[in-house]
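Asker: Residue numbers (our numbering), protein chains in the order written: chain Y, 1415 to 1864; chain L, 3 to 456. Heads up, the beta-carbon is just placed ideally off N, CA and C, and yes, glycines get one too.
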Amino acid sequence: MVSEAASRADIALLFGRAAFGATSADLGQWAGQPYAAAVDHLLDVPSPATRAPLADDADRLVVQALRNPQQAQYWWLERMRTTPYPLEERLVLFWHDHFATAITNEVTATDVMVQNQTLRLHALGNFREMAYALTIDPAMLKWLDGNVNVNRQPNENYARELLELFTLGVIPQIYTEQDIQEAARALTGWIVNGVGAAEFRPNNHDTGTKSILGVTIEDAGAEEYKLVVDAALDQQLQPGMATKFLAYKLVQNFAYDPTSRNLFTTPDALIDEVAATLAATDYDIREAVRTLLNSTGFRVPDEAASTQHVRQPLEAIVHGAKVLDQTLRSDNRVRTTLDHAGQLPFMPPNVGGWPVGEAWLSPTTIRARYDGLHWLTRLHESRQLVHPMPPSADIETGGAEWARFLGMAGFEPTTLAALQSYLSSVDVPENQRQDGLYVLAAMSPEWQVM
Amino acid sequence: MPETLSRRRFLQRSGILVAASSVPLVGRIGEAFGETTSDPALAERNRLVVVFLAGGNDALNTLVPMGDVPGTERRGVYETVRPSLKIAADDLLALDRPDDVGELLGLHPSLSRLHTMYQQDRVAVVPGVGYNPEIMSHFESTDVWQSGRPGLTYDSGWMGRHLDRAGIGVGELRGVAMGRQLPLLLKGREQQGMTLPGLPFRFADGTQPVIKARHTALGSYRGHPATEILEAYYGDQCGATADLVDQLEDTPSPVEGTNVSNLARGLMDARLLLEGDYGVEVVSVHHPGFDTHAGQASLQAARLSEVDAAIGMFFDGDESLGIPPMNAFLAERTMLLVFSEFSRRVRENASGGTDHGDSVPLFMVGPAAGRLVPGLHGQHPSLGTVASPAVVLDRTTDVTTVYQAVLQEWLGNPDPAYPDPFPGLFTTTTTTTSTGGNNGNGKGGGRKNGTSNG
């Protein structure tokens, strides 16, 4: 039975999974308050379409025009760190993973910055609208060959991934190769024009009748791509497939990796809860996330069943930088460790997106996470007077101050023992002790896996 | 078995290198180590390097029809449906060993070193390898090839299950994945391989004693309470990381300071580990960039050049870079397996590329004086007729039979769930002489001499 009031551990977990980590201020503000109120607060985000620009929005447009991958990455890292709406940004990261698109020779940094803002516009909006927008997004058109998909010779790449990765999944697989071919036909006619915008060319469009997942689609010209998305989201061959699949992706990215991928033969209670909200609201993402975050399945990890969240490299680095109030702008060493940890923004390994769970963890990526935190301490060295770390002596008396500093409720006894053992084995100035403690504490199992 | 239970076992690892027990023997590249290894049995056993070409390499422009074998219209179909992508017969590197020349197949022009090795009886090719039912999704098809369990759940890799059956000894780096992520290939149900991004392997904060105190503390996270499965797994990985750094922090890459491809670097770092006394038996490397839906001609040529150079350097070194050939002791016991998750459509598309297809040619590259039976095996898939071309290259050989041949004949550890091995890929006894030309040893069924299937 979970209490209405949030404990410090509740807030640490909620923010740790859904808001790039808690600061000590977050713990102070929300511990003791109703848990649902903290959730509501995180979801209370005005639409980017209508709200006043954030402090770095002007910069976004400048960086977007630069067509420079590193600058785009730095901009987004800083947005993740400093946004007043961390759950929005956490969702933008999720959507970037879901509709995974990477910078290539063809897909430019400008294209992905444009896509990034599109993801932000719909992040807490409606998934149907999101899927419409991504289908004719310039980066996506280039990435999955939508821009060379013509009536004379259709290209199936986007159609396949739309069904397999973006809307329905393959377990069970309810679409056929024929459906993919028909969907490709329906999606013909789009190009990316000379100024990088999507444009519909009627001459390239297949105007015949198509049949996708049992739905007949007559020619609808520039509106036809929406009908393809609708055919997937509204399909009746396996009712509930699309809402379950999207719910599965949300649970997997925010909470835990479900033990079964077949959501019909081996249902998961949390997935079904989130799927029900998606179905009842016709794909309202904000409400689905509210259901997810408020659910006991999310709030109380069942450790025996392995329902914990291995935090993605970006989550760890952004949280690490947040607690130090340390900018991530323009430091190539930290950025490079993100690459080695397996997660550079705008560079997912392929259209399937980033790994999940223990797939993140190997000597290579563990080393990269460690190195990234180390570089943060090097950046922070000169700022210790203004934004100090807690004294190392705090570790000798239980580490409460250090835990709060890192947005946690407390340390595990094994972690505390390791930190104390480290302190007793080195004879170095206080700032070096603090740097060592910071890296080791942020590398603790309970900080990296929440 | 309930899925939670198998998942719990899946996360219990023991394939972790233990520091201090084995003395790392990493001499200069190319030096023999066999005589001085800590365990002669480890030195003697065969090694396998799996090279995975990610994206779906176009088989038809890799192993290419040079002419119409009597009874087929192979070259005619090829030229008709690939007006822009077709490679002129004169540009192809003919598979011209006497047993193979009748098949009129040639290699892509980028594969010159591989072709030379073929002429030295060091390459076997099995075209048309696949599984039933065909799947054209990258992710699922990759899962099938890596798991070796078509039509079943992809919970482990065929090499991972080999590690399960064989076990991993203390201090033995038996299975290694070069790169950042452990592929399904090397995940067993009990054991798993270890990833290695490259050499040297050290933390960014250096190697001073006061810094190494941090690394020791990190390693001690291995003791995290086992009730919290993912945290315990994370802790184990921290321990493995600290151990590996301890072993490899002073070991430079053999291609340090060169401009070679990532694949070459991965293979050369792997070679250094193979030459050292770590007990490395299975290595996995992968090379992306083969999903050529558009602009295939230049993309595939570049990728295949990289593969060719890397394989050549791995076995035979590179004079310009001062890298010697692999020492003979190791070379006789090392074999590469090269494949992709599927091939591509017979007909080109409107973007100068090809879309997803089906079966792939599996290349085995290896022992100059060893047991691999060189040349073409199996049956090239039919291309149909000019009037009615094949859509994809259909499967003619089941992948599990080839895997079983490798497991049984090369690694000595057959998978009890697999069918009988594909015959004729290996000689039954180790031969020490192999002259070029007609090698009649051990070529069993599955190979059609003189007739082809189109």
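Please confirm whether GLU1826 of chain Y has its beta-carbon closer than 8 Å to some beta-carbon of chain L.
Answerer: Chain L, which has a Cβ nearer than 8 Å to the Cβ of GLU1826 of chain Y, makes this yes.
Asker: Let me know if PRO135 of chain L comes out buried or exposed under the rule of 16 or more other beta-carbons within 10 Å of its beta-carbon.
Answerer: Answer is exposed; the Cβ neighbour count stays below 16.
Asker: If you reduce the DSSP assignment to three classes, tell me which class GLY425 of chain L lands in.
Answerer: Just to set this straight, residue 425 of chain L is Pro in the shown sequence, not Gly. Three-state DSSP puts PRO425 of chain L in coil, outside helix and strand.
Asker: Just the chain Y side, please: which residues come within less than 9 Å of THR197 of chain L by C-beta, in chain order?
Answerer: Residues of chain Y passing the Cβ test: SER1776, PRO1777, THR1778, THR1779.
Asker: Counting only beta-carbon atoms, is VAL1521 of chain Y nearer than 8 Å to chain L?
Answerer: By this cut-off, VAL1521 of chain Y is not an interface position.
Asker: In the region 342-356 of chain L, which residues sit with their C-beta less than 8 Å from some C-beta in chain Y, listed in chain order?
Answerer: Within the region 342-356 of chain L, the residues whose Cβ lies closer than 8 Å to some Cβ of chain Y are ASN351, ALA352, SER353, listed in chain order.
Asker: Of all the residues that make up the region 215-226 of chain L, which are near chain Y by a beta-carbon distance shorter than 8 Å?
Answerer: Those residues of the region 215-226 of chain L that come within reach of chain Y (Cβ to Cβ, closer than 8 Å) are ALA215, ARG216, THR218, ALA219, LEU220, SER222, TYR223, GLY225, HIS226.
Asker: Short check: CB of ASP1440 of chain Y to CB of GLY1821 of chain Y, under 8 Å?
Answerer: Yes, these two residues count as a Cβ contact at 8 Å.
Asker: List the DSSP bridge partners of ASP281 of chain L.
Answerer: In the sequence as displayed, the identity of residue 281 of chain L is Gly instead of Asp. GLY281 of chain L pairs with nothing; no bridge assigned.
Asker: My output table needs one value for ASP1454 of chain Y: the three-state DSSP class, helix, strand or coil.
Answerer: Correct three-state label for ASP1454 of chain Y: helix.
Asker: Classify GLN1757 of chain Y as buried or exposed, calling it buried when 16 or more other Cβ atoms lie within 10 Å of its own Cβ.
Answerer: Its Cβ being crowded by 16 or more others within 10 Å, GLN1757 of chain Y is buried.
Asker: Who are the near neighbours of ASN1845 of chain Y in its chain, counting only those whose CB is closer than 8 Å to its CB and skipping five residues on each side?
Answerer: GLU1795, GLN1798.
Asker: In the DSSP assignment, what residue or residues form a beta bridge with GLU1613 of chain Y?
Answerer: GLU1613 of chain Y pairs with Y:ILE1605.
Asker: Once the 5 residues before and after VAL1721 of chain Y are set aside, which same chain residues still bring their CB inside 6 Å of it?
Answerer: A small correction: the amino acid at residue 1721 of chain Y is Thr; Val does not occupy that position in the sequence shown. Cβ within range, chain order: TYR1670, PRO1715.
Asker: List the DSSP bridge partners of HIS288 of chain L.
Answerer: Beta-bridge pairing links HIS288 of chain L to L:PHE54.
Asker: Please name the residue in Y:HIS1510, Y:ARG1781, Y:THR1811, Y:PRO1805 whose C-alpha comes closest to that of LEU1664 of chain Y.
Answerer: Taking only the C-alpha atoms, the option nearest LEU1664 of chain Y is Y:HIS1510.
Asker: Hey, how far is the Cα of ARG1465 of chain Y from the Cα of ALA242 of chain L?
Answerer: Spanning the two alpha carbons is a distance of roughly 48 Å.
Asker: Can you tell which of Y:GLY1813, Y:SER1625, Y:PRO1763, Y:ALA1419 has its C-alpha closest to the C-alpha of ALA1445 of chain Y?
Answerer: The option with the nearest alpha carbon to ALA1445 of chain Y is Y:ALA1419.
Asker: Determine the extent of the alpha helix (DSSP H) in which THR1524 of chain Y is found, giving its start and end residues.
Answerer: Start and end: 1523-1536.
Asker: Using the Cα positions of ARG1743 of chain Y and ILE170 of chain L, report the straight-line distance between them to the nearest angstrom.
Answerer: C-alpha separation (whole angstroms): 44 Å.
Asker: Return the residue from the list Y:LEU1706, Y:ASN1667, Y:VAL1737, Y:ARG1781 that minimises the CA-CA distance to GLN1726 of chain Y.
Answerer: If we check each option's Cα against that of GLN1726 of chain Y, Y:ASN1667 comes out closest.
Asker: Among the candidates L:ASP293, L:GLN193, L:PRO256, L:SER222, whose CA atom is the shortest distance from the CA of ALA312 of chain L?
Answerer: Taking only the C-alpha atoms, the option nearest ALA312 of chain L is L:PRO256.
Asker: Is DSSP giving GLY268 of chain L helix, strand or coil here?
Answerer: GLY268 of chain L falls in the helix class under three-state DSSP.
Asker: Where do the N-terminal and C-terminal ends of the beta strand (DSSP E) with PHE203 of chain L fall, by residue?
Answerer: Counting along the chain, PHE203 of chain L falls outside any beta strand (DSSP E), and DSSP gives it neither H nor E.
Asker: Do the region 124-139 of chain L and the region 365-379 of chain L make contact, defined as three or more Cβ pairs closer than 8 Å?
Answerer: These segments touch.
Asker: Note the first and the last residue of the continuous alpha helix (DSSP H) segment covering LYS214 of chain L.
Answerer: Unbroken alpha helix (DSSP H) run through LYS214 of chain L: 211-221.
Asker: May I have the straight-line CA-CA distance separating ASN1617 of chain Y from PHE1760 of chain Y, to the nearest angstrom?
Answerer: Answer to the nearest angstrom: the Cα atoms are 33 Å apart.
Asker: Along the chain, where does the alpha helix (DSSP H) containing MET1409 of chain Y start, and where does it finish?
Answerer: What the structure shows of chain Y is the stretch from 1415 to 1864, and residue 1409 of chain Y is not part of that stretch, so it cannot be assessed.
Asker: So the alpha helix (DSSP H) GLY1711 of chain Y belongs to, where does it begin and stop?
Answerer: Its alpha helix (DSSP H) spans residues 1710-1713.
Asker: Measure the Cβ-Cβ separation of THR398 of chain L and ASP60 of chain L and say whether it is below 8 Å.
Answerer: Not in contact: THR398 of chain L and ASP60 of chain L (Cβ atoms no closer than 8 Å).
Asker: Does the region 323-336 of chain L come close enough to the region 1593-1601 of chain Y to have 3 or more Cβ pairs within less than 8 Å?
Answerer: The region 323-336 of chain L, when compared against the region 1593-1601 of chain Y, does not touch it at the 8 Å Cβ threshold.
Asker: Run through DSSP, which three-state label would VAL137 of chain L get?
Answerer: The sequence shown places Ile at residue 137 of chain L, not Val. Three-state result, ILE137 of chain L: coil.
Asker: From this set, Y:ALA1469, Y:LEU1468, Y:TRP1489, which residue's C-alpha is nearest VAL1477 of chain Y's C-alpha?
Answerer: Among Y:ALA1469, Y:LEU1468, Y:TRP1489, the Cα nearest to that of VAL1477 of chain Y is on Y:TRP1489.
Asker: In three-state terms, what does DSSP make of THR38 of chain L?
Answerer: Confidence is the limiting factor: at THR38 of chain L the pLDDT is only 48, short of 50, which leaves the residue's position unreliable and the question unanswerable from this model.
Asker: What residues from the region 1602-1614 of chain Y come within 8 Å of chain L, judged by C-beta to C-beta, listed N to C?
Answerer: Cβ contacts with chain L: none found.
Asker: Run through DSSP, which three-state label would GLN1567 of chain Y get?
Answerer: DSSP places GLN1567 of chain Y in strand when its eight states are reduced to three.
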